[in-house]
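J.: In my numbering, the protein residues as written are 161 to 224.
Backbone N, C-alpha and C fix where the C-beta goes; we use that ideal spot for every residue, glycine too.
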Amino acid sequence: MIFTKAWWRAALIRAVKTVAQAAVGLIPAAATIAQVDWQTVVGCACLAGLVSLLTSLAGLPELE
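(1) Write down the C-beta distance between valine 179 and cysteine 206 rounded to the nearest angstrom, noting that I regard them as a contact closer than 8 Å.
(2) Can you check whether the CB of alanine 208 is closer than 9 Å to the CB of alanine 182?
(3) Apart from the five residues just before and just after leucine 223, which ones in its own chain have a Cβ nearer than 7 Å to its Cβ?
(4) Note down the Cα distance separating valine 201 from isoleucine 187, rounded to an integer number of angstroms.
(5) Taking the runs of the beta strand (DSSP E) that are 3 residues or longer, which of them lie wholly in the region 181-219?
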């Protein structure tokens, strides 16, 4: 697989969306915004983004 500029663009867009979805999914776990464990939210969101990039190695349908 050749990692073209188009591939990186599509993979990064997908990863950013995944990071946002993971973060938004974890925030409601706290009763108030002050009780949110931001370290956990950021860590889980970054891990989700990494997994998204790794999954993109298998192929990106939007480029096929």
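T.: Answer, in terms of the structure:
(1) 7 Å
(2) yes
(3) Ala166, Trp167, Ala170
(4) 7 Å
(5) none
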